[in-house]
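Peer 1: Residue 238 in my numbering is what sits at position 155 of the sequence shown, and the numbering runs on without skipping anything. Idealized CB from N, CA, C, for every residue including glycine. Sharing a structure, written as structure tokens. Questions coming.
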Amino acid sequence: GGQPPVWRATVMVTAFLLASLLFRQAPAANSLGIAALVLLVVNPRQLFSPSFQLSFAAAGSLALLVAPLIARLHAIGTWRPTPEHPYPPQGPETIRRWAECLFWDERTFQREQKTSPIRFRLEKASLARTLNRFRLQPLVRALALSLLVSSVVQLAMLPLMIEYFHRVALIGIVLNVIVGATIALLGVVAVSALALSLWKAHLAAYPAALGRWLTDATVASSELALRSPTLSFRIPDYSGAGVFVYIAYWAAVLYLAHRLHAWRPLDPPAAHTWPPLIARRRERIQRARRWALGVALVLLALNLGLLITHPFPPPRPKGWLRLHFLDVGHGDAALLELPDGTTMLVDAGGEIGATPAGMPGEEEPEFIEDRPPIGEVVTSNFLWSRRLKRIDFLVPTHAHADHLRGFLDVVRNFDIGCVLLVRRPWHDPLFAAFLQEVRRRRIPVVEIRQGDRLRLGRTMTPQVTATVLWPPPSDRQPETWENEDSLVLRIQYGDVTILLTGDIERAAEEALTVSGWELQSDVLKVPHHGSRTSSSEAFL
């Protein structure tokens, strides 16, 4: 019953132990391949599982990119002339000096020189000597290699993170290092608490309290960092022909892994070991490989930019107004797409009784059900499938959770133009949480009222208009925003009309029927999900 990451790790460890028993080497890449083969033989459908893909992408980046890169940097950084490698490392000067800063041990070299029959000097990076002299090299090396590992894993998993989670978390490169160090410290604290509990139970409370504080601080700081719209943001994924962006990205990554494995920085130059004719031919091959490497790096950078920015606009069939009603279970959500690309989201669905995190006046529940909200898995996913990064208008019809709760996720996931409000129920905790999130992101709030005729879009002929038919003006802001005060909009585009009714009930329907407003429409969103309290015969 284990998940793919558990079985992958189990098979890889088993392969490594069996290789040790047989006096064989077990390269990480081979162990990873064996694990993938075993898992797919047992269940071929796992190939399309996000858990399988994410686990093997992370492990593959470590085995195919990180491990060989660190091994070559170590060889460059620790090089000194030997019978096996008499020539200096081949490669860019910047990489050589960086490797020396991480791995060159000046003190050990000086001790060896005192007993060596042949004494010589080596020109190493001055910063490497300084770090080694002041014993800062282990700290710098640990930090640099941690950032390197985190960066490579993040880059390798980026297409999958966008495809499955629509998230680009640049801050994750740093957070991985911080959280990894904190987890290591938590392990020490946990073992200390366990050991003390066997001796004096009351003494274990101190490391346990420290562990609780470290856990809370790590979670809080991570959530705070992930709220930054520049360091962590949500974007659409690619579909259709756009999948070639993923293919080109992975092709560049795999070619770089191939070139990394073929790189032998300590091999002697061809001119020193081959006849002139063969040396010239090998030099031409090396130039071609360097050119191909440059192309791969450019391709990787280009597709990385395309993945992060997603610059392609959503499809806009000329002259078409599209209205999408989303299946959000017990709730409402409708997306209006105008011919010029302007978008309006009327309600966003949600779960009745759901308590959003951070709602004012509510205590945090002791246990939170681990289930993604409707606004994330339905509403936001649909908007991303339409290649949308921005919603021009958010329009809640009233403050019930099955209409308003999803807006909390939409506001966090998309760039919002403005929010249109016909009521402000200040004492409603869900509405207060929504308005707090809107203000925190500095989204404009526009108050509308009965009789307002809103011109949507920019330059279109014919113009799309939205007329506010309900609720009537109120002298004071109500404490709650109930069904009877639901916003009713009549959308008109040329000769086509749409009536969006929220959750109004019979009393509001009767008032609208005798109000004199034009209600005749081509499309009707039935009030209150078609409940018996609405859709009276006179109104229909």
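What separation, rounded to the nearest whole angstrom, lies between the Cα atoms of S280 and L286?
Peer 2: Approximately 7 Å between the Cα atoms of the pair.
Peer 1: Starting from A224, trace the alpha helix (DSSP H) in both directions and tell me its first and last residue.
Peer 2: Note that residue 224 is Arg in the sequence shown, not Ala. Run containing R224: 220-248, per the alpha helix (DSSP H) assignment.
Peer 1: Provide the residue span of the beta strand (DSSP E) that contains Q575, from first to last.
Peer 2: That run of the beta strand (DSSP E) goes 571-576.
Peer 1: How many angstroms separate the CA atom of F476 from the CA atom of L518?
Peer 2: In a straight line, the C-alpha of F476 is about 15 Å away from that of L518.
Peer 1: Does the beta-carbon of H413 have 16 or more other beta-carbons within 10 angstroms, so that it is buried, or is it exposed?
Peer 2: Exposed, by the Cβ-count rule.
Peer 1: Once the 5 residues before and after W467 are set aside, which same chain residues still bring their CB inside 6 Å of it?
Peer 2: Closer than 6 Å at the Cβ level, and outside the excluded window around W467, lie H249, P319.
Peer 1: Under a Cβ-count criterion, where at least 16 other Cβ atoms within 10 Å of its own Cβ denotes burial, should W374 be classed as buried or exposed?
Peer 2: Exposed.
Peer 1: Taking L383 as the reference, give the member of P398, P358, W333, F408 with the closest Cα.
Peer 2: Checked all of P398, P358, W333, F408; the closest Cα to L383 is W333.
Peer 1: Give me the Cβ distance between W553 and A591, rounded to the nearest whole Å; I'm assuming they're in contact under 8 Å.
Peer 2: Rounded, the Cβ-Cβ distance is 6 Å, consistent with contact.
Peer 1: Sort I256, L269, R538, W162 by Cα distance to V551 and report the nearest one.
Peer 2: When each option's Cα is compared against that of V551, the closest is R538.
Peer 1: Do you know offhand how far V124's Cα is from L137's?
Peer 2: Between V124 and L137, the C-alpha separation is close to 19 Å.
Peer 1: Could you tell me if Y576 is buried or exposed, where buried requires 16 or more neighbouring beta carbons within 10 angstroms of its beta carbon?
Peer 2: Per the 10 Å Cβ criterion, buried.
Peer 1: When burial is assigned at 16 or more other CB atoms within 10 Å of the CB, is L82 buried or exposed?
Peer 2: Past the boundaries of the shown model lies residue 82; the chain is included only from 84 to 623, so the question cannot be answered.
Peer 1: By a C-beta neighbour count over all protein chains shown, 10 Å radius and 16 as the cutoff for buried, is L222 buried or exposed?
Peer 2: Exposed: under 16 other Cβ atoms inside 10 Å.
Peer 1: Could you tell me the alpha carbon to alpha carbon distance between F622 and P610, rounded to whole angstroms?
Peer 2: Those two C-alpha atoms are separated by around 10 Å.
Peer 1: Taking the straight line between their C-alpha atoms, what separation do you get for D511 and R224?
Peer 2: Roughly 53 Å between the two C-alpha positions.
Peer 1: For a test of the three-state rule: what should DSSP assign to L552, helix, strand or coil?
Peer 2: Strand, per DSSP.
Peer 1: Would you kindly work out how many angstroms separate the C-alpha atoms of E530 and L376, rounded to a whole number?
Peer 2: Looking at the two C-alpha atoms, the distance is approximately 57 Å.
Peer 1: Can you tell me whether D498 is helix, strand or coil according to DSSP?
Peer 2: Three-state result, D498: strand.
Peer 1: Would you decide whether I435 is buried or exposed? Buried here means 16 or more other CB atoms lie within 10 Å of its CB.
Peer 2: Low confidence applies to I435: its pLDDT is 48, below 50, so where it sits in the model is not reliable, and the reading given next is rough at best. Exposed.
Peer 1: For the alpha helix (DSSP H) containing S315, name the first residue and the last one.
Peer 2: Segment 315-317 is the beta strand (DSSP E) holding S315; no alpha helix (DSSP H) there.
Peer 1: Can you tell me the Cα-Cα spacing of R216 and R190, whole angstroms?
Peer 2: Approximately 7 Å, taken between the alpha carbons.
Peer 1: Quick one: which unbroken alpha helix (DSSP H) runs of 4-plus residues sit fully inside the segment 347-401? Chain order, please.
Peer 2: For the segment 347-401, whole alpha helix (DSSP H) runs of length 4 or above, ordered along the chain, are 353-356, 359-392.
Peer 1: Is it a yes or a no for the segment 390-406 touching the segment 340-353, going by three-plus beta-carbon pairs under 8 Å?
Peer 2: Because the criterion of three Cβ pairs below 8 Å is not met, the segment 390-406 and the segment 340-353 do not touch.
Peer 1: Which whole-angstrom value is the C-beta distance of L487 and F514, which I expect to be below 8 Å?
Peer 2: The Cβ separation is near 7 Å, so the contact holds.
Peer 1: Out of L152, D188, I245, which one is the CA nearest neighbour of R342?
Peer 2: Comparing Cα positions, the closest option is L152.
Peer 1: Only counting the same chain, and skipping five residues up and downstream in sequence, which positions put a Cβ closer than 6 Å to that of D582?
Peer 2: Per the sequence presented here, residue 582 reads as Leu, with Asp not at that position. For L582, where only same-chain residues beyond five positions count, the Cβ hits under 6 Å are R573, S604, L607.
Peer 1: Quick one, which of S114, V521, P88 has its alpha-carbon nearest A100's?
Peer 2: The sequence shown places Leu at residue 100, rather than the Ala named in the question. If we check each option's Cα against that of L100, S114 comes out closest.
Peer 1: What's the gap between the Cα of S305 and the Cα of A142?
Peer 2: Approximately 23 Å between the Cα atoms of the pair.
Peer 1: Within 8 Å, do at least three Cβ pairs link the segment 250-257 to the segment 231-239?
Peer 2: Cβ pair count under 8 Å is three or more, so yes.
Peer 1: If you compare alpha carbons, which of F186, A109, D415 is closest to G432?
Peer 2: It is D415 whose Cα lies nearest to the Cα of G432.
Peer 1: Bridge partners of L122, per DSSP?
Peer 2: Its beta-bridge partners do not exist; DSSP assigns none.
Peer 1: Mapping DSSP to helix, strand and coil, what is R536?
Peer 2: Residue state, collapsed to three classes: strand.
Peer 1: In its own chain, which residues sit with a C-beta less than 6 Å from the C-beta of V579, not counting the 5 before and 5 after it?
Peer 2: D605.
Peer 1: Under 6 Å Cβ to Cβ from P545, same chain only, skipping five residues before and after it: list those, please.
Peer 2: G577.
Peer 1: What residue range does the alpha helix (DSSP H) around F408 cover?
Peer 2: Here F408 belongs to no alpha helix (DSSP H); instead the beta strand (DSSP E) covers 405-408.
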